[in-house]
Each structure stands twice: as C-alpha cells, then as structure tokens.
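*Asks:* Here's a structure for you.
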Amino acid sequence: MAASVILSPRQTLTASQAVALTLFRDGYTQRTIAVRTGTDPNDLYRLAALHGITAPHGTVEGHNCHEARGEEPCTSCAHAHGRAHAREHAQRRRTLGALPRALRPRGRQVRRAVR
Numbered sequence: 287m288a289a290s291v292i293l294s295p296r297q298t299l300t301a302s303q304a305v306a307l308t309l310f311r312d313g314y315t316q317r318t319i320a321v322r323t324g325t326d327p328n329d330l331y332r333l334a335a336l337h338g339i340t341a342p343h344g345t346v347e348g349h350n351c352h353e354a355r356g357e358e359p360c361t362s363c364a365h366a367h368g369r370a371h372a373r374e375h376a377q378r379r380r381t382l383g384a385l386p387r388a389l390r391p392r393g394r395q396v397r398r399a400v401r
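At position 39 of the sequence shown the residue is numbered 325 (this note's numbering), and the sequence of numbers has no breaks.
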C-alpha cells in the first residue's frame, strides 16, 4: 500500500505531476492522464485543488474537481457525472451475468437474449 504524500502549496512539483496538471487543465480524461504520467487519480484531484487548477466544466473530471475542493458541483458538472454514472450502470445491465440466475436464459435462448 503506497502512502500518499501531502504537499504544501510551496513545495515544487515533479515533472510528471506538472505534466499531469497541465493535461488535466487542458481537458484530458483522468484515465488518459494516469496512463501518460502514472499519477494516481486521487493525487491528481488533490494536487489540482492545492494549485488552483480546474478541469473543464461539464465533465466528470470537473465534477470530481469540485468534490476535491469541497464545493457543491455546478449544474453542468453534476449532469456530466450523472450521465457517466447512468452509462456505467447500463453497461452492467447489458451483460447476462448481471441478471439474477432465475432470469438468465438457458440453452439456445442465450443468442436471442443477448441482442
């Protein structure tokens, strides 16, 4: 388990953290930033809050940025977070594994049920 380092605003950033914050400000997704820089998502939002950097409004990252600062999310960020949450649940519902065992099709019925 890696320990998170708490930075003071005066402490300098590493090169990967600076790149991560720049990408964050420019609208890249959390996943893309983590792949490119190796920055932990929780650290990304904490660093952004410490250095006054915000993600574009109307994005899931923008919503998480509001939460990291302890603010109420703006309307456009709340809608983006809701859409992402609904999409995630819809993807889970589409799989047969998400169905209760009693409702799962048997035998040849599987092909028709997966559509």
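We treat Cβ as the ideally placed atom computed from N, Cα and C, and that holds for glycine.
#1: So what's L330 in DSSP terms, helix, strand or just coil?
#2: Would DSSP call T298 helix, strand or coil?
#3: CA-CA distance, M287 and R317?
#4: In angstroms with no decimal places, state the Cα-to-Cα distance between T323 and H343.
#5: Identify whether G348 lies in helix, strand or coil by the three-state DSSP scheme.
#6: Please work out which residues of its chain come closer than 7 angstroms, Cβ to Cβ, to A354, disregarding the five sequence neighbours upstream and downstream, and give them in chain order.
#7: Can you give me the Cβ contacts of A366 inside the same chain, cut-off strictly under 8 angstroms, excluding the 5 residues immediately before and after it?
#8: Could you compute how far the alpha carbon of N328 sits from the alpha carbon of R392?
#9: Would T325 and S362 qualify as a contact pair, given that the criterion is a beta-carbon distance under 8 angstroms?
*Replies:* Walking through what the data contain:
#1: In the sequence shown, residue 330 corresponds to position 44, counting from 1. L330: helix per DSSP, three-state reduction.
#2: Your numbering for residue 298 matches position 12 in the sequence shown. Residue state, collapsed to three classes: coil.
#3: Start at 1 with the first residue of the sequence shown, and residue 287 comes out as number 1. Start at 1 with the first residue of the sequence shown, and residue 317 comes out as number 31. Only weak support exists for where M287 lies, its pLDDT of 44 falling under 50; the coordinates are left without a value.
#4: Taking the first residue of the sequence shown as 1, we reach residue 323 at position 37. Taking the first residue of the sequence shown as 1, we reach residue 343 at position 57. Rounded to whole angstroms, T323 to H343 spans 22 angstroms at the Cα level.
#5: Your numbering for residue 348 matches position 62 in the sequence shown. In the structure shown, G348 sits in a helix (DSSP, three-state: H, G or I).
#6: Here residue 354 refers to the residue found at position 68 when the sequence shown is read from its first residue. Excluding positions up to five away in sequence, the list reads Y331, R332, A334, A335.
#7: Against the sequence shown, residue 366 aligns to sequence position 80. Cβ neighbours of A366 beyond the five flanking positions: G344, T345, V346, G348, H349.
#8: The sequence position of residue 328 within the sequence shown is 42, counting from 1. The sequence position of residue 392 within the sequence shown is 106, counting from 1. About 43 angstroms.
#9: Along the sequence shown, one-based indexing puts residue 325 at 39. Along the sequence shown, one-based indexing puts residue 362 at 76. Contact: no.
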